[in-house]
Amino acid sequence: MKRSLRHLLSIIGILLLAVTGLTGCIATPDSVGGEPGAVRIGTLRGQPHLYAPYFMQQFAPPDTTYEIVLFENSPDIKNALASGAVDLGVLGAPAMLAGIAANQEVAIIASAADGGSGFVGRPDIRTPQDLRGKRIGFPAGSSQEIALKLTLRAHGLDPETDVELVNLAYSDMAGAYTADRVDAFLSAEMGVSIARQAGAHQILSPYETPIGATNIVLGGNGRFLDEHPDRAGETVQSFVRAIEFMKGDHDAWATGLVETFGMERAVTDIAIQNVMLRWELDDEFRQRVTELARQMVEFDQLPTAPDMTKVFRTEFLDTPASR
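Residue numbers are given in full-length UniProt numbering: position 36 of the sequence shown equals residue 36, and the series is strictly consecutive.
Shown next, in the form of structure tokens:
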């Protein structure tokens, strides 16, 4: 276990050094607007299912620059979208639903990635009943929280009384597992694959609930979409092409993650196999998002569900790139 902890700390150290070295060319929330006239796109640090913005520039129209703005969590991206600090954002669907329910000027304009989650834990946890009385990590307010509670209920466990739920940041999951602060967790990559490298195994699939593998979307600031529809459409086309490129070249995707964030290649290769890239807003996807909104109300993430007629704006996908 000590060797696993040293290995994990080494990975984290490399990641921090890599991000520090990137601050000259990638904005943070405090330095948004470094590129005058650029389209500002928010995303999260070090998560393979939110990496598409890094490939968008190669598909940009002439004289268009995409400025990547790094955030620590999806609610922060949603708030930046609502305020206009960024124009578009790749983020978790629950954050967007919360913003729309609060009447913020944001909308989902494409999907981005399904999956990217895992329910992993100690080797001695072999069956759902072995989870009884265990400490289980989860990120509050996320699709993973909904998936965890639905999964526990489906196997006869009450999330409130039969297990001890521990709210943790995504970046803390693997460390909490390795340090014995939790016995299991349902969270997002890269923590899932790092924990698996440290001896954890998949306990149950997180995708066999009514919300399926629903996770990441592309969101837009309403004013940007209304005032610059052509530019918004071109940016969505670049996003679609970036997603298709990544689907066809996993090596470039993994190499990009390693070079950008200093990730370990073996862990990265495992993680991207757990991500289902997508961009479509088809009926099946929208139904799953509608179910996600319903479950967010059920589990007190939202006081009321958003008006689903205001959640999606599909017109930016009606382009040659996405047909």
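We put the CB at the ideal spot given by N, CA and C, even for glycine.
Any non-hydrogen atom of the ligand FAD within 7 Å of residue i CB
i: residue 102; result: The ligand FAD is absent from the structure shown, which contains no ligands of any kind.
Collapsed DSSP secondary structure at residue i in the structure displayed
i: residue 112; result: strand
i: residue 255; result: helix
i: residue 299; result: coil
i: residue 276; result: strand
i: residue 164; result: strand
i: residue 175; result: helix
i: residue 209; result: coil
i: residue 79; result: helix
i: residue 288; result: helix
i: residue 227; result: helix
i: residue 125; result: coil
i: residue 23; result: Its pLDDT being 30, under 50, residue 23 is placed unreliably in this model, and the value from its coordinates should be taken loosely. Reduced to three states, the DSSP call for residue 23 is coil.
i: residue 141; result: coil
i: residue 155; result: coil
i: residue 281; result: coil
i: residue 236; result: helix
i: residue 133; result: coil
i: residue 309; result: helix
i: residue 315; result: helix
i: residue 67; result: strand
i: residue 202; result: strand
i: residue 265; result: helix
Among the options, nearest to residue i - alpha-carbon criterion
i: residue 35; options: 60, 65 and 231; result: 65
i: residue 206; options: 67, 284, 155 and 37; result: 155
i: residue 52; options: 152, 250 and 309; result: 250
i: residue 194; options: 202, 209 and 174; result: 174
i: residue 255; options: 172, 129, 114 and 272; result: 272
i: residue 159; options: 115, 136 and 292; result: 136
i: residue 70; options: 211, 270, 261 and 290; result: 261
i: residue 128; options: 157, 115 and 118; result: 157
i: residue 314; options: 266, 37 and 283; result: 283
i: residue 42; options: 79, 63, 58 and 59; result: 79
i: residue 307; options: 192, 67 and 103; result: 103
i: residue 44; options: 63, 37, 77 and 59; result: 77
i: residue 309; options: 299, 298, 226 and 290; result: 290
Same chain, Cβ closer than 7 Å to residue i, five either side skipped, listed in chain order
i: residue 92; result: 74, 142, 143, 215 and 216
i: residue 296; result: 94, 97, 146 and 302
i: residue 248; result: none
i: residue 213; result: 114, 115, 207 and 276
i: residue 12; result: Caution is warranted here: a pLDDT of 40 is assigned to residue 12, below 50, making its placement in the model unreliable, and the coordinate value is therefore given only provisionally. Cβ neighbours of residue 12 beyond the five flanking positions: none.
Supposed contact pair residue j and residue i - C-beta distance, whole angstroms, cut 8 Å
i: residue 275; j: residue 200; result: Rounded, the Cβ-Cβ distance is 18 Å, inconsistent with contact.
i: residue 111; j: residue 281; result: 6 Å
i: residue 140; j: residue 305; result: That pair is no contact at about 19 Å.
i: residue 270; j: residue 203; result: With a Cβ gap of about 17 Å, residue 270 and residue 203 do not count as contacting.
Cβ-based neighbour list, residue i, same chain, cut-off 6 Å, excluding 5 preceding and 5 following
i: residue 87; result: 39, 40, 221 and 224
i: residue 122; result: 183
i: residue 81; result: 89, 106, 219 and 221
i: residue 234; result: 61
i: residue 57; result: 66
Test item: CB-CB of residue i and residue j under 8 Å
i: residue 55; j: residue 242; result: yes
i: residue 219; j: residue 106; result: yes
i: residue 167; j: residue 185; result: no
i: residue 257; j: residue 268; result: yes
i: residue 109; j: residue 316; result: yes
i: residue 98; j: residue 49; result: no
i: residue 47; j: residue 189; result: yes
i: residue 132; j: residue 162; result: yes
i: residue 265; j: residue 211; result: no
i: residue 187; j: residue 117; result: yes
Close-in-space but distant-in-sequence residues of the same chain around residue i (CB under 8 Å, 5 per side omitted)
i: residue 209; result: 146, 147, 150, 151 and 154
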